[in-house]
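Take a look at the structure set out below.
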Amino acid sequence: MTSEPRDPPQFYLTSPAPCPYLPGKEERKVFTHLVGRRASRLNDALTHSGFRRSQTIAYRPACENCKGCVSVRILCEEFSPGRTQKKVLARNAEIVSSFGPSRADSEQFELFRAYLDSRHSDGGMADMAMLDYAMMVEDSHVESRLARYRLRVPGAEPGPLVACCLTDVLDDGLSMVYSFYDPELAPRSLGAFMILDHIFRAQAMGLPHLYLGYWVAGSKKMDYKSHYLPQERLGPEGWTRVG
-8 MTSEPRDPPQ FYLTSPAPCP YLPGKEERKV FTHLVGRRAS RLNDALTHSG
42 FRRSQTIAYR PACENCKGCV SVRILCEEFS PGRTQKKVLA RNAEIVSSFG
92 PSRADSEQFE LFRAYLDSRH SDGGMADMAM LDYAMMVEDS HVESRLARYR
142 LRVPGAEPGP LVACCLTDVL DDGLSMVYSF YDPELAPRSL GAFMILDHIF
192 RAQAMGLPHL YLGYWVAGSK KMDYKSHYLP QERLGPEGWT RVG
């Protein structure tokens, strides 16, 4: 039997780049590779420490003069939807979700391209082709799933795909890696609906946390994450409860 390598992971630091959340600031990231049989355990440990995953890379901010990016996780077992969140659930009552293998297809890619072209046409993912999308979804050494959301339409099976979320399954929760949805259905608040669906899914799986990535005070892009309470935020003293 071949023993699992015990050498520690190697970490690297990126060069400074413009911050996507706070104008006038620069960001740097520390990252390592998630490969091999120990990738899942390493991903668990690093996520607990504030890292995020992108394909076979785990990264977290390492900015010299800013600590604005704060890791957030929802306490799923104690969560109960508020008035606004109940309206989101009612608005999407006819949407059916599934949680299966992380496999890419052309239907997903068409939706993904529509989302990018509408919401992030000037972002770093704007030029992604089908092969790039397939690598994003399938190139992983950790336990991941793809949540698919379809609109139930009478006489049409299985119904149109309206949203997707690539999700990691951790030892203590779910981590929403990347989500996208039909931009023409923005009034449905599908982003919020996917978060709520993942909270309920974590509850059903007996997992205490839903990891949402980074919250940045003062960033309108990230403000929505503060609306899911109770939650914990990672600071110098560890995870601190809010709400």
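Just so we're aligned: the sequence shown equals residues -8 to 234 in the working numbering.
Idealized CB from N, CA, C, for every residue including glycine.
The alpha helix (DSSP H) enclosing Y106, as first and last residue numbers: S97 to R110
Own chain residues within Cβ distance below 8 Å of R232, not counting five before or after: L66, P221, Q222 and E223
Whether R44 touches G91 by CB criterion (8 Å): no
E228 classed as buried or exposed, judged by whether at least 16 other C-beta atoms fall within 10 angstroms: exposed
Cα-Cα separation between D159 and E134, rounded to whole angstroms: 6 Å
In DSSP terms, what T158 is bridged to: R136 and M167
C-beta contact flag for Q76 and L187 at 8 Å: yes
Residues near E85 in its chain [Cβ-Cβ closer than 6 Å; skip 5 each side]: R143
Residue-chain proximity (G146, chain B), Cβ-Cβ < 8 Å: Absent from the structure is chain B; it holds one protein chain and no more.
Separation of E55 from R28, as counted between CA atoms: For R28 and E55, the distance between alpha carbons rounds to 33 Å.
Short Cβ contact (8 Å threshold) for S180 with R82: yes
Three-state secondary structure (DSSP) of Q222: When DSSP states are grouped into helix, strand and coil, Q222 belongs to the strand group.
Whether K236 touches A49 by CB criterion (8 Å): As shown, the chain starts at -8 and ends at 234. That puts residue 236 outside it, with no answer to give.
Three CB pairs or more closer than 8 Å across the region 152 to 168 and the region 56 to 63: no
Nearest-angstrom Cα separation, counted from D163 out to A36: Between the alpha carbons of A36 and D163 lies a gap of roughly 10 Å.
Buried/exposed call for E18, threshold 16 Cβ in 10 Å: buried
Exposed unless 16 or more other CB atoms sit within 10 angstroms - verdict on V168: Buried.
Residues of its chain near D130, where Cβ-Cβ distance is below 8 Å and the 5 sequence neighbours each way are ignored: Q46 and T47
DSSP state of C67 mapped onto helix, strand, coil: helix
Enclosing alpha helix (DSSP H) for G182 [first to last residue]: L181 to M196
Start and end residues, alpha helix (DSSP H) containing A36: A30 to H39
Beta strand (DSSP E) segment containing A49, residue limits: I48 to P52
Nearest neighbour of Y202, chosen from M119, L13, L102 and R64 [CA to CA]: R64
8 Å contact criterion, which L152 and Q99 should meet: CB distance rounded: 7 Å
Buried versus exposed call for G73 [16 or more other C-beta atoms within 10 Å across all chains shown]: In summary, G73 is exposed, with fewer than 16 beta-carbon neighbours lying within 10 Å of its beta-carbon over all protein chains present.
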